[in-house]
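Residue numbers (the numbering used here): 1125 to 1297. All C-beta atoms, glycine included, are put in the ideal place defined by N, C-alpha and C. Predicted, not measured: the structure shown is a model, and the values here were computed from it.
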């Protein structure tokens, strides 16, 4: 019984080394528990899995520099790898993927004691983001491009303000 516990504990050593290089901790823990010496040497000589490490960094909130494609912090003003000013490019890239469903539907109305009112500031923000996501496109084309998504959004709103929302949206787009 003690041998199994010792194998399980020492299996963590090659697993930790391999995990730091982008490999599966569990798979390497099993490997290390069964063949410790071989797994330890193997974990020391394997190369880093760059793609797996990059994906884990992106999942943790890091972003790619739009100029050199290296991973940087989202708050970065200048890329540490290529020296490019990235703040404006990252903001433009974040708007490029914007869609109306990115905003919560309950942001578009205000609850009153006797019903609901349209939150015109949120509608204006939505329109502003749609325009930033589609620079140089005529507002009528933007309206056509997002018509299905706007319809889905309107269907989520309380029925009493749907027409008012569309009136505000149409007037400002």
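Using DSSP bridges, identify the partner residues of residue i.
i: residue 1195; result: 1188
i: residue 1202; result: 1209
Determine the extent of the alpha helix (DSSP H) in which residue i is found, giving its start and end residues.
i: residue 1149; result: 1149-1158
i: residue 1173; result: Run containing residue 1173: none; DSSP gives neither H nor E here.
i: residue 1238; result: Taken as a continuous stretch (DSSP letters only), residue 1238 belongs to no alpha helix (DSSP H), as it is neither H nor E.
i: residue 1267; result: 1263-1269
If you compare alpha carbons, which of the options is closest to residue i?
i: residue 1205; options: 1196, 1213, 1212 and 1211; result: 1196
i: residue 1162; options: 1143, 1223, 1291 and 1135; result: 1135
i: residue 1254; options: 1278, 1281 and 1226; result: 1226
i: residue 1158; options: 1128, 1165 and 1149; result: 1128
i: residue 1194; options: 1293, 1185 and 1178; result: 1178
Below 8 Å on the Cβ atoms is my contact criterion, and I expect residue i with residue j to pass it. Report the Cβ-Cβ distance as a whole number of Å.
i: residue 1232; j: residue 1221; result: The Cβ separation is near 20 Å, so there is no contact.
i: residue 1224; j: residue 1281; result: No, residue 1224 and residue 1281 are not in contact; Cβ-Cβ is about 12 Å, not under 8 Å.
Sorted by chain position, which residues of the same chain lie with C-beta nearer than 8 Å to residue i's C-beta, five sequence neighbours on each side aside?
i: residue 1171; result: 1145
i: residue 1199; result: none
i: residue 1180; result: 1146
Excluding five sequence neighbours on each side, which residues of the same chain lie with their C-beta closer than 6 Å to the C-beta of residue i?
i: residue 1267; result: 1297
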